[in-house]
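Single-structure report; data block below.
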Amino acid sequence: MADKHTETFEIAIIGLGPVGATLANLLGQMGVSTVVLELSDEISPLPRAVAFDDEVMRIFQSFGLSDAMEKVAEVGEGAKFVDTDNKTLVYWERPMVRSSNGWFVNYRFNQPELEKILRDSLARLPSVSIKLGSEVVDLKQIGEEVEIVFVQGEREQKLRAAYVVGCDGGRSFVRQKMSVKFEDLGFHEEWLIIDLLLPERDVDPDRFTYHYCGFPRTGSKVFVGSKRKRWELRMNEADDRKTIQSPDVIWDILKPWIKPPEAEIERTALYTFHSTIAEKWRTGRVFLAGDAAHQTPPFMAQGMCAGIRDASNLAWKLEQVLRQGAPDQLLDTYESERSPHVREYINMTIEFGNLINNTAKSVTSGNPTNIGGGQQTVAQLRPKLGLGISAGDTSKRGRLLPQFLLENGRLLDDVTGYRCALLLAQGSADKFDFSLLSDFSDVGVQVIDAPGHGAQYWLEDADAVAVLVGADRNVIGTARAVQDIAQLHPSNWLFR
Ligand SMILES: Cc1cc2nc3c(=O)[nH]c(=O)nc-3n(C[C@H](O)[C@H](O)[C@H](O)COP(=O)(O)OP(=O)(O)OC[C@H]3O[C@@H](n4cnc5c(N)ncnc54)[C@H](O)[C@@H]3O)c2cc1C
Numbered sequence: 003m004a005d006k007h008t009e010t011f012e013i014a015i016i017g018l019g020p021v022g023a024t025l026a027n028l029l030g031q032m033g034v035s036t037v038v039l040e041l042s043d044e045i046s047p048l049p050r051a052v053a054f055d056d057e058v059m060r061i062f063q064s065f066g067l068s069d070a071m072e073k074v075a076e077v078g079e080g081a082k083f084v085d086t087d088n089k090t091l092v093y094w095e096r097p098m099v100r101s102s103n104g105w106f107v108n109y110r111f112n113q114p115e116l117e118k119i120l121r122d123s124l125a126r127l128p129s130v131s132i133k134l135g136s137e138v139v140d141l142k143q144i145g146e147e148v149e150i151v152f153v154q155g156e157r158e159q160k161l162r163a164a165y166v167v168g169c170d171g172g173r174s175f176v177r178q179k180m181s182v183k184f185e186d187l188g189f190h191e192e193w194l195i196i197d198l199l200l201p202e203r204d205v206d207p208d209r210f211t212y213h214y215c216g217f218p219r220t221g222s223k224v225f226v227g228s229k230r231k232r233w234e235l236r237m238n239e240a241d242d243r244k245t246i247q248s249p250d251v252i253w254d255i256l257k258p259w260i261k262p263p264e265a266e267i268e269r270t271a272l273y274t275f276h277s278t279i280a281e282k283w284r285t286g287r288v289f290l291a292g293d294a295a296h297q298t299p300p301f302m303a304q305g306m307c308a309g310i311r312d313a314s315n316l317a318w319k320l321e322q323v324l325r326q327g328a329p330d331q332l333l334d335t336y337e338s339e340r341s342p343h344v345r346e347y348i349n350m351t352i353e354f355g356n357l358i359n360n361t362a363k364s365v366t367s368g369n370p371t372n373i374g375g376g377q378q379t380v381a382q383l384r385p386k387l388g389l390g391i392s393a394g395d396t397s398k399r400g401r402l403l404p405q406f407l408l409e410n411g412r413l414l415d416d417v418t419g420y421r422c423a424l425l426l427a428q429g430s431a432d433k434f435d436f437s438l439l440s441d442f443s444d445v446g447v448q449v450i451d452a453p454g455h456g457a458q459y460w461l462e463d464a465d466a467v468a469v470l471v472g473a474d475r476n477v478i479g480t481a482r483a484v485q486d487i488a489q490l491h492p493s494n495w496l497f498r
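Next comes the structure, spelled out in structure tokens:
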């Protein structure tokens, strides 16, 4: 029995990086009582993520932060992988138009600024408590709860939660405590990261990301908004690890591109990039998310993005089990859906790494098109979720539903927020029993029965009169006829 003074929450999140903070925002928005324990008092100032994608902006939209994110992010252009003759081996296209998700495919930003927005937003959520300067040192499953031991200041304290999510980064204590090993996908390299601050707004019209493949110093150059430039460079055998971050060595390395009066060094770091996936993402009431569950080199800018997708996949399922009477099996679909999805990104990232390292001249992922002369174009990867929740007709299952403009002129996700949604084709709501609609809304599914032209066209193309999506906007299933709509109800979901 827990001491009656032990604080108890529905969810405890360990780690307040971008993934823990996103998860806390999503849970808090649903009113789920959540505590976040974070080792550090401050946001990490390290040079880490600089780009996120349209799907992640859509997730930020689902909890009301897309406006704030747009203020600190700049739309990014495509990426070119060039060889020493300046020939583009692979061009990763990112059209400067909005995708079916309603956002641009690439945004450039500074990770500490993004994390600040995520943290500030938690202050408006009364069900979320944050304990900074709190290192979790033990976890114990006791009946229907997990006891968490943490040290704040000098004092060891305890609290309890029905579920725990370890968002505690690549060296995850939670993963170690769960005795979960990483599957090694084979790419491990030491890289030097340099962020430069520009004295004036950068007006260079060429804003592509460049990956320099097979150069004596291989690496990448990225624009990070108009004030900052990033170089990510692979360490060579002969490099002296002790002196490489000193300003004179840095400027010597950057000589081919930029010189001191043009910028100042903001920060540097040495990292070893890894490519790994946890062999298990759940043990009983404890889950892993973000870097704690998977790690990838940054060549596709997908590490944080994948973690934010984890949060979006897991939060609503936890709420369904805690509040809507959904079966525990629903929580197993978190790993089965997310793990194969993130694996596709890591595999393509490794292909990009091989290109940069000159051990490959082309890629096979990203739907490549050979355009002649040993050159390829590749598109944004859009993997399907792994096996998991399904209902009704599953031909569209596991894919993101586009963000349609609804009949009332509003965007789909602005109307639904972070909730499951049932979209009914024009006229189909008139043909069935209205009590069915309340069966859906009673378990937190938003019903939309005038979805507008885009959705109508999508439904016709899918030969469907209704589509059900999870709160993460992935399709769970469709109904071909009005009498099949009941099959989409959560009580009829299959988990496999
Ligand atoms: C050079 C570089 C470039 C990158 N570029 C991109 C990019 O462009 N796009 C992209 O999507 N990703 C990128 N990434 C990856 C991205 O930075 C990470 O995937 C992301 O920060 C992971 O977020 P997280 O919340 O899972 O973990 P973290 O950000 O590592 O946060 C984990 C938190 O847990 C806390 N913690 C740890 N142990 C405990 C404990 N025992 N108790 C309490 N708290 C604890 C830590 O203090 C930390 O705050 C890049 C990474 C690097 C290194």
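For my numbering, add 2 to where a residue sits in the sequence shown, where the first one is 1. Note that CB positions come from ideal geometry on N, CA and C, so glycine has one too. Source: prediction; values computed, not measured.
| Check | Outcome |
| --- | --- |
| For ligand 1, is there any heavy atom lying closer than 7 Å to the beta carbon of phenylalanine 54? | yes |
| Which first and last residues belong to the beta strand (DSSP E) in which phenylalanine 106 is found? | Counting along the chain, phenylalanine 106 falls outside any beta strand (DSSP E), and DSSP gives it neither H nor E. |
| At a cut-off of 7 Å, is methionine 350 close to ligand 1 when judged by its beta-carbon and the heavy atoms of the ligand? | no |
| Could I get the ranges of all uninterrupted alpha helix (DSSP H) runs contained in the region 325 to 395, with 4 residues as the minimum, in chain order? | 331 to 358 |
| Roughly how many angstroms separate the alpha carbons of glycine 376 and lysine 363, rounded to a whole number? | 8 Å |
| Given a threshold of 16 other Cβ atoms within 10 Å of its Cβ, counted over all protein chains shown, does isoleucine 352 qualify as buried or as exposed? | buried |
| Exposed or buried, which one is leucine 461 when buried takes at least 16 other CB atoms within 10 Å? | buried |
| Closest to alanine 313 by CA distance: which of Arg340, Gln331 and Gly327 is it? | Arg340 |
| For glutamine 448, which residues does DSSP report across the bridge? | Ala423 |
| For the alpha helix (DSSP H) that threonine 220 lies in, which residues bound it at each end? | First-last for threonine 220: undefined, no H or E at that position. |
| Say yes only if the C-beta of aspartate 170 is nearer than 7 Å to one or more non-hydrogen atoms of ligand 1, and no if none qualify. | yes |
| Less than 7 Å separating the Cβ of proline 114 from some heavy atom of ligand 1? | no |
| Can you tell me the Cβ-Cβ gap for glutamate 57 and asparagine 103, rounded? I've got them flagged as a contact below 8 Å. | 6 Å |
| Terminal residues of the continuous alpha helix (DSSP H) containing glutamine 113? | 113 to 124 |
| Should serine 136 be listed as close to ligand 1, given that the test is whether its C-beta is under 7 Å from any heavy atom? | yes |
| For valine 467, count neighbouring C-beta atoms within 10 Å of its own C-beta (all shown protein chains included) and say buried if the count is 16 or more, exposed if not. | buried |
| Pull up the distance between the alpha-carbon of tyrosine 109 and that of alanine 75, whole angstroms please. | 6 Å |
| According to DSSP, simplified to helix, strand and coil, what is asparagine 410? | coil |
| Quick one: what's got a C-beta closer than 7 Å to leucine 324's C-beta in the same chain, skipping five residues either side? | Glu12, Val34 and Ala164 |
| Applying the criterion that 16 or more other CB atoms from any shown protein chain within 10 Å of the CB defines a buried residue, is lysine 231 buried or exposed? | buried |
| Is DSSP giving leucine 470 helix, strand or coil here? | strand |
| Rounded to whole angstroms, how far is the Cβ of leucine 141 from the Cβ of valine 176, which I believe are closer than 8 Å? | 7 Å |
| Check whether the Cβ atoms of glycine 2 and glutamate 40 lie closer than 8 Å to each other. | Examination of residue 2 is not possible in this model, given that the chain is present from 3 through 498 alone. |
| Quick check: the Cα distance between isoleucine 373 and phenylalanine 354, rounded to an integer number of angstroms? | 18 Å |
| Check whether the Cβ of glutamate 149 sits closer than 7 Å to any heavy atom of ligand 1, and report yes or no. | no |
| Cβ of leucine 124 within 7 Å of any heavy atom in ligand 1? | no |
| From glutamate 234 to arginine 219, what distance separates their C-alpha atoms? | 10 Å |
| Can you have a look at arginine 498 and say buried or exposed, based on whether 16 or more other CB atoms are within 10 angstroms of its CB? | exposed |
| Going by DSSP, which residues form a beta bridge with lysine 501? | The requested residue 501 is not part of the displayed model; the chain covers only 3 to 498. |
| With a threshold of 8 Å on Cβ separation, who are the neighbours of isoleucine 119 within its own chain once the five nearest residues in sequence on each side are excluded? | Leu67, Ala70, Met71 and Val74 |
| Among the candidates Ser174, Lys229 and Lys261, whose CA atom is the shortest distance from the CA of glycine 292? | Ser174 |
| Which whole-angstrom value is the C-beta distance of glutamine 405 and arginine 60, which I expect to be below 8 Å? | 6 Å |
| Identify whether glutamate 2 lies in helix, strand or coil by the three-state DSSP scheme. | Residue 2 lies beyond the range of the chain shown here (3 to 498); nothing can be said about it. |
| Strictly by DSSP, which residues pair up with valine 514? | Here the chain comprises residues numbered 3 to 498, so residue 514 is not present and cannot be evaluated. |
| How far does the alpha helix (DSSP H) with phenylalanine 184 in it reach, from first residue to last? | Counting along the chain, phenylalanine 184 falls outside any alpha helix (DSSP H), though it belongs to the beta strand (DSSP E) covering 184 to 186. |
| Report the rounded CA-to-CA distance for arginine 126 versus glutamate 117, giving the unit in angstroms. | 15 Å |
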